[in-house]
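Input: a single structure, listed below in C-alpha cells.
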Ligand code: ATP
Ligand code: MG
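In our numbering, the protein residues as written are 13 to 503.
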C-alpha cells in the first residue's frame with residue numbers, strides 16, 4: 013500500500029541553506045558524484061542534513077538514489093548488499109561505510125533500521141548477534157516494484173518491503189520531518205516535502221503522516237523519538253507525543269537484537285544521561301528494560317540511581333572526548349539495581365560469595381534478555397566486574413598483586429571508583445588501588461608489605477591498613493574490618 017501523494021517539494025536553492033560540501037564527508041561526495049555520472053539521481057538524506065543544519069557533526073552520511081541495489085553494486089567495487097527486510101547497498105571506504113538506499117514507494121523504514129552498530133564509535137561492537145528475524149521472509153532479488161513485495165504482521169508492523177519508487181514516494185516512509193530533507197548533488201539544492209526545514213529551525217520533532225499508524229508500522233520509532241528528544245533537545249509535537257503512552261508496549265514485539273542496537277545509540281553516543289531521563293519520563297524504560305524500570309521506580313533517588321547517572325555522565329564525557337566506551341560497562345550500570353536486589357534477596361551472610369553474585373548477574377541478564385539482546389562477550393564482562401568487587405574492597409596481601417594482573421581488573425576498578433563516589437564503597441580503598449597501579453614496582457611491593465603488616469597487627473582481620481595513614485598522596489589503605497553489609501546493594 014504505497015502512500016500515494018502528489019505533493020511537490022519546496023526546493024531551497026544553494027544560496028538559501030547552510031549545507032555546504034565542506035560539511036560533507038569526501039567519501040559520501042564520491043558516491044553521490046559517481047551515481048550522478050552514471051545517470052542516476054543521487055541525494056544525501058536524513059540525519060546528516062539535520063545535524064549540519066544544527067551545527068553538529070553528522071554521525072554518518074546516508075544516500076538515497078534512483079539506482080537499484082544491484083546497479084549500485086555494479087558501480088562500486090567496494091560494495092555489499094545487506095538487509096533482509098529492506099535491501100540496502102553499503103559502500104566501504106576502509107572503516108567508513110556510506111549507506112545507499114534505493115527510493116522506495118511505501119512507508120517502510122530502510123536507512124538505519126537494521127542492527128549495524130557504528131564501529132568507529134563503538135569499537136567493541138562488531139558482529140551484532142542475529143536479529144532473530146529468521147521468521148521473516150527473505151527479500152526477492154527479482155523484485156520489480158509491483159507492490160507485491162510488502163508484508164505486514166497482524167499489528168500493522170512492516171516485516172518486509174522492497175517496493176521501489178521515486179523520490180516523491182520515498183519521502184513518506186521516513187520517520188520525522190527533520191529526517192526527511194534531501195540534498196541534490198545535481199545543483200546543491202535541498203528538497204523539502206514535509207516542512208522539515210521549518211521544524212529543524214523550530215527544534216520540533218514531528219512524525220510524517222498519521223502518528224499512530226507510523227508507530228504501529230515500526231514501534232522503534234518511539235525510541236527514535238526519545239533519542240532525538242535527548243540528543244537534539246527537540247520538543248515533540250503534540251500529535252507525535254500523544255500515542256506513545258498508549259502504544260509503548262508494542263516495543264515488546266521488536267526483535268531483541270534491534271533493541272540492543274537502539275540501546276547503544278541511546279546510551280553510548282554522548283547523551284546517555286538525557287536518554288535515561290526521557291525514557292523514564294515517557295514510560296519507555298519500563299518496556300525496554302522492565303526490571304531496570306521497576307527498580308528505579310521503586311527506589312527513586314537512591315544510591316543505585318546516583319551510581320547509574322554518574323556512570324552515564326562518565327560515559328557521555330568519554331564519548332565527547334573521543335575515548336572508547338563499552339557496552340559491558342553500560343549494562344553493568346543499567347543492571348546494577350536488579351542485580352543488587354537479587355543479591356539482597358539472599359541471606360546476608362552470602363552476599364559476598366562469588367556464587368551468590370554470579371547467580372544474581374546471570375538471572376538479571378536472563379531477565380533483561382527477554383527484551384534486549386546482550387551478547388555473551390558483554391554479559392561475561394558484567395559477571396567479572398561484579399564478582400571482583402568484594403576482592404577489591406577487601407584486598408589481602410599478595411593476592412592484591414594477582415588481582416591487579418587480572419584481565420578485567422581495570423573495568424572492575426572503574427566500577428569500584430564509581431561506587432566509592434556514590435558512597436557505596438570506601439573512598440580510601442579506591443584511592444589505594446589507584447595508587448597501587450601508578451607507583452613503581454618497588455613502591456608497590458612496599459604498599460603490599462604495609463598492608464600485610466597492618467593486617468597481621470589486626471590479628472588477621474581483612475583490609476585493615478592503619479600503617480598507611482598519613483602517607484603522601486592520600487593512599488590510605490583499606491581499613492574496614494567488618495565486611496560491608498551491602499556489597500552491591502543500595503546501601
Ligand atoms: P543518526 O544517524 O544521528 O542516528 P539518522 O536520522 O541519520 O540519525 P539513521 O538511523 O542513520 O538515523 O537513519 C537514516 C534515515 O533513515 C533517517 O534520517 C530517516 O529518514 C530514515 N529512517 C531510519 N530509521 C527509520 C525508521 N525506523 N522509520 C522511518 N525512517 C527511518
Ligand atoms: Mg544517520
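Even for Gly, the Cβ is constructed at its ideal location relative to N, Cα and C.
Could you check if residue i is buried or exposed, using at least 16 other CB atoms within 10 Å of its CB as the buried criterion?
i, result
"residue 225", "exposed"
"residue 255", "buried"
"residue 335", "exposed"
"residue 411", "exposed"
"residue 502", "Confidence in residue 502 is poor, its pLDDT being 40 and thus under 50, which makes the residue's placement unreliable; the coordinate value appears in the next sentence. So residue 502 ends up on the buried side."
"residue 217", "buried"
"residue 362", "exposed"
"residue 317", "buried"
"residue 208", "buried"
"residue 127", "Here the model assigns residue 127 a pLDDT of 42, short of 50, so the residue's position is not dependable and the matter cannot be decided."
"residue 324", "buried"
"residue 406", "buried"
"residue 90", "exposed"
"residue 388", "exposed"
"residue 432", "buried"
"residue 167", "exposed"
"residue 241", "buried"
"residue 310", "exposed"
"residue 376", "buried"
"residue 284", "buried"
"residue 79", "buried"
"residue 297", "buried"
"residue 460", "buried"
"residue 417", "exposed"
"residue 229", "buried"
"residue 422", "exposed"
"residue 301", "buried"
"residue 187", "buried"
Cβ of residue i within 7 Å of any heavy atom in the ligand ATP?
i, result
"residue 186", "yes"
"residue 192", "yes"
"residue 233", "yes"
"residue 222", "no"
"residue 511", "Any property of residue 511 remains undetermined from this structure, which presents the chain solely from 13 to 503."
"residue 277", "yes"
"residue 204", "no"
"residue 426", "no"
"residue 57", "yes"
"residue 230", "yes"
"residue 96", "no"
"residue 236", "yes"
"residue 74", "yes"
Could you tell me which residues DSSP puts in a beta bridge with residue i?
i, result
"residue 102", "92 and 111"
"residue 257", "Answer is none; residue 257 lacks a bridge partner."
"residue 385", "Beta-bridge pairing links residue 385 to no other residue."
"residue 196", "55"
"residue 202", "24 and 195"
"residue 216", "247"
"residue 74", "57 and 111"
"residue 116", "176"
"residue 390", "The partner list for residue 390 (beta bridge, DSSP) is empty, contrary to what the question assumes."
"residue 188", "219"
For residue i, is the beta carbon positioned less than 7 Å from some heavy atom of the ligand GTP?
i, result
"residue 304", "The ligand GTP is not among the ligands present in this structure, which contains only the ligand ATP and the ligand MG."
Leaving out the 5 sequence neighbours to the left and right, which residues in its chain are closer than 7 Å to residue i when beta-carbon positions are compared?
i, result
"residue 21", "203, 204 and 205"
"residue 39", "105, 108 and 110"
"residue 332", "282"
"residue 353", "307"
"residue 266", "231 and 232"
"residue 66", "212 and 244"
"residue 437", "405, 428 and 431"
"residue 454", "none"
"residue 23", "201 and 203"
"residue 439", "432"
So, at 6 Å on beta carbons, what are the nonlocal neighbours of residue i in its own chain, with the 5 sequence-adjacent residues on each side left out?
i, result
"residue 251", "223"
"residue 29", "202"
"residue 50", "87"
"residue 263", "231 and 299"
"residue 442", "428, 429 and 432"
Skipping 5 residues on each side, what residues in its chain have a beta carbon closer than 8 Å to that of residue i?
i, result
"residue 330", "336 and 337"
"residue 48", "54, 197 and 198"
"residue 415", "400, 403, 404, 407 and 421"
- Can you list, in chain order, every residue whose CB sits closer than 5 Å to a heavy atom of the ligand MG? Having a Cβ closer than 5 Å to some heavy atom of the ligand MG are 59 and 72.
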